[in-house]
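Novice: Got a structure for you, written out below as structure tokens; questions coming shortly.
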Amino acid sequence: MQSLTLPYRTWAHALPAGYKLAALVLVGFFTMPFEGVLLYTIAICAVLALYLSLGTNAARFGLGMMRPFLILLAIVLLYHAVFGDLAEGLGIVFKIAFLILFANFVTMTSKLSDMADAVLKALAPFQRFGLPVEKIALGFALVLRFIPQFFNLGMMLIEAWKMRSTKGASWRLLLPFTLNIIDDSERVAEALRARGGIQHKP
Amino acid sequence: MERKFVLAVMFAALICVFSLLPKFMMPFGVPITAQSLGIMLAGAVLGARYGAIAVAIYLAIVALGAPLTSRGGGIGVFFGPTGGYLIGFLLGAFVIGLVMSKLRAGVQASAFVACLIGGIIIVYLFGTIGLHYLAGMAWLDALNVNWIFIPGDIIKAVLTAIVTAQIYKFRPEAVLSRQ
């Protein structure tokens with residue numbers, strides 16, 4: 285199981301996770317209506333500068349997190365180049381790349397427990413209305429943790445299928461994909477139980 | 229308790245991964261994606277309560293700004309022309325699970341019918357409301373946008389039915405909609 289957080293501390297770790305999450309929400313919100321290759325080229329350069337400010341090892345770690353997305357972005361670009369407009373495709377791909385890079389920056393410089401705490405803090409006022417705040421925070425942490433793993437699982441299944449088939453990926457991969465996820469889920473639930481289970485403070 | 233909750237969380241991750249698959253753009257800026265396949269699976273396998281929890285976690289992660297869709301992420305997507313479909317996903321998964329648990333037919337047939345009702349009618353209903361209010365489209369135009377998605381969504385309903393029945397065969401304890 286891979287970790288999305290840098291294994292050592294940097295200056296960005298010192299920033300409160302709540303601020304970084306808030307920045308992510310704001311950036312996601314304010315970039316929504318904007319398109320354009322130039323704009324997102326500048327934005328990507330800015331994020332890469334942020335990466336480099338963490339040190340070259342951290343930058344390599346961060347760019348490594350982009351790897352599962354590269355094929356996907358290439359497909360999106362190809363799709364637009366063939367069926368639409370290359371410039372528009374570039375704009376979309378750069379925008380996605382920027383958002384992924386920025387989100388990864390937040391992820392790799394924030395411990396999941398800090399992220400969970402930030403969410404907990406924002407949701408805490410709703411706890412009195414019966415909102416299971418700790419469970420929600422744990423849910424966030426687990427989802428963010430497992431998305432790259434399941435993405436890799438899907439890629440692995442597709443590769444294995446392609447090795448033995450003359451055709452491309454098939455819908456038949458849905459079953460092994462889902463069964464793998466269910467089995468992982470049972471193991472995670474067992475691990476949680478072994479550590480005392482999910483506590484719910486009233 | 230942990231089991232069902234973790235299953236819902238894992239299906240939220242599954243929906244996220246499906247959402248990362250390439251989309252096909254349709255007129256009026258409505259994308260066709262595999263994410264609705266994930267929504268249907270979550271509802272059919274996990275049932276109303278945990279299916280809705282899975283979708284809610286997925287939507288929350290999107291709202292937080294995680295770039296989990298080809299449109300990026302953030303609160304902004306909920307205000308886009310297709311925001312209604314996102315709300316429709318939540319209620320759609322709930323209805324799929326509800327229909328699944330009420331029907332007494334086999335898992336495959338029940339899942340198919342449940343997906344038609346929850347995954348298509350409910351999702352389209354909220355999508356249409358969204359197109360009307362968010363994109364300023366006339367009701368009939370907004371409704372007519374949906375026809376183009378029907379063939380794709382029927383295929384997704386069939387796939388969901390087949391896969392759910394197979395999961396019921398190999399991991400019956402995971403199909404919470406039939407416990």
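Those protein sequence lines, which keep their order, are chains A and B. Under this note's numbering, the very last position in the first sequence is 486; numbers go up by exactly one each time. Under this note's numbering, the very last position in the second sequence is 407; numbers go up by exactly one each time. Each residue gets a CB set at the ideal place from its N, CA and C atoms; glycine is no exception.
1. Please confirm whether B/Q263 has its beta-carbon closer than 8 Å to some beta-carbon of chain A.
2. Give the residues of chain B in contact with A/W455, contact being defined as C-beta atoms less than 7 Å apart.
3. Taking DSSP as the reference, what is the three-state secondary structure of A/Y292?
4. Restricting to runs no shorter than 4 residues, where is the alpha helix (DSSP H) found entirely within the segment 310-364 of chain A?
5. Just how far apart, CA to CA, sit B/Q336 and A/P460?
6. Does DSSP put B/L249 in a helix, in a strand, or in coil?
7. If we ignore side chains and look at the alpha-carbon of each, how far apart do B/P255 and B/L265 end up?
8. Measuring straight from C-alpha to C-alpha, what distance separates B/A288 and A/M447?
9. Sort B/L249, B/L331, B/W367 by Cα distance to A/F434 and report the nearest one.
10. Residues of the segment 336-368 of chain B in Cβ contact with chain A at a cutoff of 8 Å, in chain order, please.
11. Within a Cβ cutoff of 7 Å, which residues of the same chain sit near A/F378, ignoring the five residues on either side of it in sequence?
12. Which stretch, first to last residue, makes up the alpha helix (DSSP H) that contains A/W445?
13. Quick one: is B/L242 near chain A, going by C-beta distance under 8 Å?
14. Return helix, strand or coil for A/K451, following the three-state DSSP convention.
15. Just the chain A side, please: which residues come within less than 8 Å of B/L287 by C-beta, in chain order?
16. Counting along the chain, where does the alpha helix (DSSP H) carrying B/R399 start and finish?
17. Please determine, among B/A342, B/R406, B/R231, the residue with the shortest C-alpha to C-alpha distance to B/K384.
18. Mind pulling the chain A residues with CB within less than 8 Å of B/M328?
19. Output the distance between the C-alpha atoms of B/I382 and B/C244, rounded to the nearest integer angstrom.
20. How would you list, in chain order, the residues of chain A whose beta-carbon sits under 8 Å from the beta-carbon of B/L283?
21. I want to verify the contact list: residues of chain A whose CB lies under 8 Å from the CB of B/Q407, in sequence order.
22. Between the segment 461-469 of chain A and the segment 400-407 of chain A, are three or more C-beta pairs nearer than 8 Å?
23. Kindly confirm or deny that the segment 388-405 of chain B and the segment 273-284 of chain B touch, where touching means at least three C-beta pairs closer than 8 Å.
Specialist: In brief:
1. It does not: the Cβ of B/Q263 has no partner Cβ on chain A nearer than 8 Å.
2. Those within 7 Å of A/W455 in chain B are L387.
3. Residue state, collapsed to three classes: coil.
4. Entirely contained in the segment 310-364 of chain A, the alpha helix (DSSP H) runs reaching 4 residues are, in chain order, 321-337.
5. Going from the Cα of B/Q336 to the Cα of A/P460 covers about 18 Å.
6. Three-state DSSP puts B/L249 in coil, outside helix and strand.
7. Summary for B/P255: the model assigns pLDDT 47, below 50, so the residue's position carries little reliability, and this model does not support an answer.
8. Rounded to the nearest angstrom, the two C-alpha atoms are 37 Å apart.
9. Ranking the options by Cα distance to A/F434, first place goes to B/L249.
10. For the segment 336-368 of chain B, the set of positions with a beta-carbon nearer than 8 Å to some beta-carbon of chain A is empty.
11. So the qualifying residues of the chain are V321, Y324, T325, I328.
12. Here the alpha helix (DSSP H) through A/W445 covers 417-448.
13. Judged by the 8 Å Cβ criterion, B/L242 is in contact with chain A.
14. Of the three classes helix, strand and coil, the one that applies to A/K451 here is coil, per DSSP.
15. Within 8 Å Cβ-Cβ: nothing; B/L287 doesn't reach chain A, min ~11 Å.
16. It is not in any alpha helix (DSSP H) - B/R399 carries neither H nor E in the DSSP assignment.
17. Each of B/A342, B/R406, B/R231 was checked against the Cα of B/K384, and the nearest Cα belongs to B/A342.
18. Within chain A, not a single residue places a beta-carbon under 8 Å from that of B/M328; the smallest gap is close to 16 Å.
19. Cα-Cα distance, rounded: 21 Å.
20. Position check: residue 283 of chain B holds Val in this sequence, whereas Leu was assumed. Result: empty, since nearest Cβ-Cβ is about 12 Å, beyond 8 Å.
21. Residues of chain A passing the Cβ test: none, with the nearest at roughly 14 Å.
22. Too few Cβ pairs lie closer than 8 Å, so no.
23. Contact between the segment 388-405 of chain B and the segment 273-284 of chain B is established, with three or more Cβ pairs separated by less than 8 Å.
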